[in-house]
Amino acid sequence: MSRLAKIGDWFGQRLQIGGVVRETVTHPVPRKSASWWYVFGSAALTLFILQVFTGIMLAIIYVPSAGEAWNSLQYLNHDVTLGWFLRAVHGWGSNFMVAVVLIHMCQVFLFGAYKFPRELTWILGVFLLLLTLGMAFTGQVLRFDQDAYWGLGIGVAIAGRVPLLGKQLVHMVMGGPIIAGDTLSRFFTVHVFVIPGLILAFVSLHLLMVLKLGINEWPMPGRVVRRSTYLQEYHELTHKDGVPFVPVAIWKDMFFSAAIIVSVMACAWFFGPFGPSGYPDPTIVQTIPKPDFFFLWLYAMLALLPPSMETPALLIGPVIVIGFLILLPFLSGEGEKSWKRRPVAVLTLLLVAVALGTFTKLATYSPWSPVMNGWSGDPVPVEYLNGRSPLERQGALVFQVKQCRNCHVIGGSGGKRGPKLDKVATRMTHDQLVRQVIQGGGNMPAYGKNLNPAEVTALVSFLETLRPPNQPAARDASQAALTQEEQNRPRANNP
Amino acid sequence: MSDQDKNEISRRDLFAKIGMLLNGLAVVVLATPVVGYLLSPILRGERGQYKRWITLGHLDEFPEGQTRLAKFRNPISNAWDGETDNIPCWVRRIQGEQFQVFAVNCAHLGCPVRWFAQSGLFMCPCHGGVYYQDGSRASGPPPRGLFEYPYKVEGDQLLIEAGQIPTLSTTASLDRRKSGCQG
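In order, the protein sequences belong to chains A and B.
Counting the first sequence from 1 gives a position; my numbering is that position plus 907.
Counting the second sequence from 1 gives a position; my numbering is that position plus 437.
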């Protein structure tokens, strides 16, 4: 017996875990489940371990104080050897973890793995998804910069919409009357102690159940789950046609996890850490807060929902979605597992994916927001001024100075809140333009009080020049007809 | 099983139950202060300790007919708050001692609104909320006008009553236009 084996034996006799470990690693899995589709769960766990490790590394330097957090991040970025890289790995690791957890969930959903007897495994998974999103949000807060500060402000404003308990919730979230030191301290506690502890506990149970109940078999159309027969069928599947997890299946998990870690490190190396953006000083109002990638869809929804639906959507929406996810295994605990026989499930997933993708894409350029420097950024294009009358040029000046361009594009630059104005004269007549400028309407503020009559005249005469040379100006058909009628009417008939 | 056996078991059972009860009591005794500790931000708010009258400065700093950014130190602050307890607000001096003091927080979701003097509008960078110079909603998703701080003039100083972040439920007054903000 070699010395190494003797030492192993010595520990084995005392620890008494050899049997359990052997049983665990060699547990049989259905032959077709040893597939590349079954690697996302282990990858999520690998990412969690990476996050714990890099998180502990960052905590060596990070100061969880509203006055110092931002400075300690700058110190990490610029002074501590490879501090920027650890921050980057933690930041990218977070993005990858949310993505992999979501993909894992979609795969589990499409493969019907939430059905009997794995209902509780799925429910714990739902909580793990929520906890992962919780980590992403609280982590963004710990990067205590302007985005974090105003992001918290948005969170607080949402809490303030809760009926009856709103005020108490607001104070509870912030740990006081305003976003300040107490707020950061409590988010630090939640991010570093509370949620990771819960994730550890839930992941342990989740994993234990995967081992005890067995990994989901590859879904075959026509192989229907029934509570009375499933356990027997699964037992036969694993014991007659099964393969041991180690070594048959595990190498794919290991390959994929390694690829994920390498991808995180590559992103970290090439793209660097996230922020911090500006110093968290609320008196700097020249800021455009934006949430991190995985909350962009929410940012878009909050801009696009009709105002009357906002509070219900914010407060009841999550309850419905989470409630549906938790109830899912009870609503369809039996039946077909294969996605080929579950068109509603596939379409639902596609719809959610397309919706979230569209909202995220929109939020990257947020067309609903005025461009705060639209008016001072770009000049009015020269071709819109050439050969124009002094009054029209004066109008262009009014257009620029009164911040019209914060919401309107001309010549390819400006805000997208309102319509493009390059061809406005083909759509609106003189009278309509005057009315729109003075009274506003359809999301446009009324400018009547802020423009004097001379400015309105100049502005509208400029707007009337905004049409391509080959397109006629808009005209009021009824007005023309009236005028025509007036001219044609015989004089004698007039009193 | 004899009666004596049963008695013996129920005796142990009794002790086990008393043991659980004692631990339960200990948990309650321990939990009470912990719950109080955790709820302290709420309890302090309920006692009305957050709001104070704060000076924004000399009246001359706010020319008539203009809207300017002012800032004040939040009445409740800690040494480790950094700059976060410097709170900005928009001060509009209509004329004489007639003012409007707006919170910078958009009534929609709290982003900082910016004042554009040329067009006389407050614009929010987040979801496109726009307000007129008197704080009333002009367009976009906000459900109401800007939050306003109650103000008063003492001597040559402008004072506002402030101290907590304004949201839809930390608003004192139901009247939206006159003294909206700061509950």
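Idealized CB from N, CA, C, for every residue including glycine.
Quick caveat, the model's predicted, so the values are computed rather than measured.
Practice task
Assign H1315/A to one of three DSSP states: helix, strand, or coil.
Solution key: Reduced to three states, the DSSP call for H1315/A is coil.
Problem - Within chain A, the residues that R551/B reaches when beta carbons sit closer than 8 Å - result: Listed along chain A are V1192, Q1193 and M1279, each with a C-beta nearer than 8 Å to that of R551/B.
Exercise for the section: Output yes or no for whether 9 Å exceeds the beta carbon distance between A1043/A and P1187/A. Expected result: No, the Cβ-Cβ distance between A1043/A and P1187/A is not below 9 Å.
Handout entry: Three-way DSSP call (helix, strand, coil) for C561/B in this model
Key = Coil at C561/B, not helix or strand.
Practice task
May I have the straight-line CA-CA distance separating T1390/A from G577/B, to the nearest angstrom?
Solution key: Note on geometry: alpha-carbon atoms of T1390/A and G577/B lie some 39 Å from one another.
Handout entry: Inter-stretch contact at 8 Å, needing at least 3 Cβ pairs: the region 967–979 of chain A / the region 1133–1147 of chain A
Key = In short, these stretches do not touch, since the Cβ pair count stays below three.
Exercise for the section: Excluding the 5 residues preceding and the 5 following F1109/A in the sequence, name in chain order all residues of the same chain whose CB lies nearer than 8 Å to its CB. Expected result: L1031, F1034, L1035 and L1038, listed in sequence order.
Practice task
Return the first residue and the last residue of the alpha helix (DSSP H) that G919/A is part of.
Solution key: Here the alpha helix (DSSP H) through G919/A covers R910 to L922.
Exercise for the section: With 9 Å as the threshold, decide whether the Cβ of H495/B is near any Cβ in chain A. Expected result: It does not; no Cβ of chain A falls within 9 Å.
Exercise for the section: Determine the burial state of P1180/A: buried for a count of at least 16 other Cβ atoms within 10 Å of its Cβ, exposed for fewer. Expected result: The residue in question, P1180/A, is buried, as its Cβ has 16 or more Cβ neighbours within 10 Å.
Problem - P587/B - DSSP class collapsed to helix/strand/coil - result: Of the three classes helix, strand and coil, the one that applies to P587/B here is coil, per DSSP.
Exercise for the section: With DSSP as the reference, label W943/A as helix, strand or coil. Expected result: DSSP places W943/A within a helical segment (H, G or I) once states are collapsed to three.
Exercise for the section: Out of M1127/A, R1334/A and W1275/A, state which residue places its alpha-carbon closest to the alpha-carbon of R1249/A. Expected result: Out of M1127/A, R1334/A and W1275/A, M1127/A has the C-alpha closest to the C-alpha of R1249/A.
Practice task
At 7 Å on the CB atoms, spell out the chain B contacts of K1119/A, in chain order.
Solution key: None at all; the shortest Cβ gap to chain B is about 30 Å.
Exercise for the section: Name the residue from Q555/B, E483/B, A540/B and G485/B whose alpha carbon lies nearest to the alpha carbon of P523/B. Expected result: The question names Pro, but residue 523/B is Asn in the sequence shown. The shortest C-alpha separation from N523/B is found at A540/B.
Problem - Nearest-angstrom Cβ-Cβ length linking C543/B and P1196/A, presumed shorter than 8 Å - result: In fact, because the Cβ distance is near 11 Å, the residues do not count as touching under 8 Å.
Handout entry: Short-range partners of chain A found in the region 463–494 of chain B, where Cβ spacing is below 7 Å
Key = Result list: P478, I479, G482 and Y487.
Handout entry: Integer Cβ distance of G1121/A from T1090/A, believed to fall under 8 Å
Key = Wrong, their Cβ atoms sit about 45 Å apart, outside the cutoff.
Exercise for the section: Can you grab the Cα-Cα spacing for the pair W1176/A / N984/A, in whole Å? Expected result: About 13 Å.
Practice task
Determine the burial state of Y1021/A: buried for a count of at least 16 other Cβ atoms within 10 Å of its Cβ, exposed for fewer.
Solution key: So Y1021/A ends up on the buried side.
Practice task
Please determine if the region 455–471 of chain B and the region 1372–1381 of chain A are in contact, where contact requires at least 3 C-beta pairs separated by less than 8 Å.
Solution key: In this structure the region 455–471 of chain B does not lie against the region 1372–1381 of chain A, because fewer than three pairs of beta carbons, one per stretch, are closer than 8 Å.
Exercise for the section: Taking all protein chains shown into account, decide if Y1272/A is buried (16 or more other Cβ within 10 angstroms of its Cβ) or exposed. Expected result: Classification of Y1272/A: exposed, given that the 10 Å Cβ count is below 16.
Handout entry: Rounded distance between the beta-carbons of Q555/B and Q1310/A, thought under 8 Å
Key = Contact between Q1310/A and Q555/B holds, since their C-beta atoms are separated by about 6 Å, short of 8 Å.
Exercise for the section: Can you give me the Cβ contacts of V1063/A inside the same chain, cut-off strictly under 8 Å, excluding the 5 residues immediately before and after it? Expected result: If we look at V1063/A and ignore the five residues flanking it on each side, its Cβ neighbours are V1077, V1080, M1081 and I1086.
Problem - Segment limits, beta strand (DSSP E) that includes K508/B - result: K508/B: member of the beta strand (DSSP E) spanning Q503 to R510, first to last residue.
Practice task
Scan the region 1310–1326 of chain A for residues whose Cβ lies nearer than 7 Å to a Cβ of chain B and list them as they occur along the chain.
Solution key: So the list reads Q1310, N1313 and R1324, given in the order they occur along the chain.
Practice task
With a threshold of 16 other CB atoms inside 10 Å of the CB of M1161/A, please say whether the residue is buried or exposed.
Solution key: Counting Cβ neighbours within 10 Å, M1161/A comes out exposed, since fewer than 16 surround it.
Problem - Whole-Å CB distance - V1008/A paired with M1172/A, under 8 Å assumed - result: Not quite, the Cβ-Cβ distance comes to about 19 Å (not below 8 Å), so this is no contact.
Exercise for the section: Spell out whether any CB of chain A is found under 9 Å from the CB atom of K454/B. Expected result: Not one chain A Cβ lies under 9 Å of K454/B.
Exercise for the section: Verify whether the separation of the beta carbon atoms of I597/B and P587/B is less than 9 Å. Expected result: Contact annotation: I597/B and P587/B have beta-carbon atoms nearer than 9 Å.
Handout entry: Cβ shell of H1113/A (< 7 Å), same chain only, five flanking positions each side left out
Key = Take H1113/A, set aside five residues on each side of it, and the residues of its chain with a beta-carbon closer than 7 Å to its own are T1028, L1031, G1032 and L1035, in chain order.
Problem - Any chain A beta carbon closer than 9 Å to D522/B - result: Yes, contact with chain A.
Practice task
Report the residue from P1214/A, P1084/A, E1124/A and F1266/A whose alpha carbon sits nearest the alpha carbon of F901/A.
Solution key: Because chain A here runs from 908 to 1402, residue 901/A falls outside it and cannot be looked at.
Problem - Proximal residues to T947/A (C-beta, below 7 Å), its chain only, five neighbours per side dropped - result: For the record, residue 947/A in the displayed sequence is Phe; it is not Thr. Setting aside the 5 residues that flank it on each side, F947/A is surrounded in the same chain by V1007, I1010, H1011 and Q1014, each with a C-beta closer than 7 Å to its C-beta; the list follows chain order.
Problem - G494/B, enclosing beta strand (DSSP E) - first and last residue - result: Per DSSP, G494/B belongs to the beta strand (DSSP E) from R489 to H495.
Problem - Nearest-angstrom Cβ-Cβ length linking A1365/A and V1316/A, presumed shorter than 8 Å - result: Between V1316/A and A1365/A the Cβ distance is about 21 Å, and since that is not below 8 Å, they are no contact.
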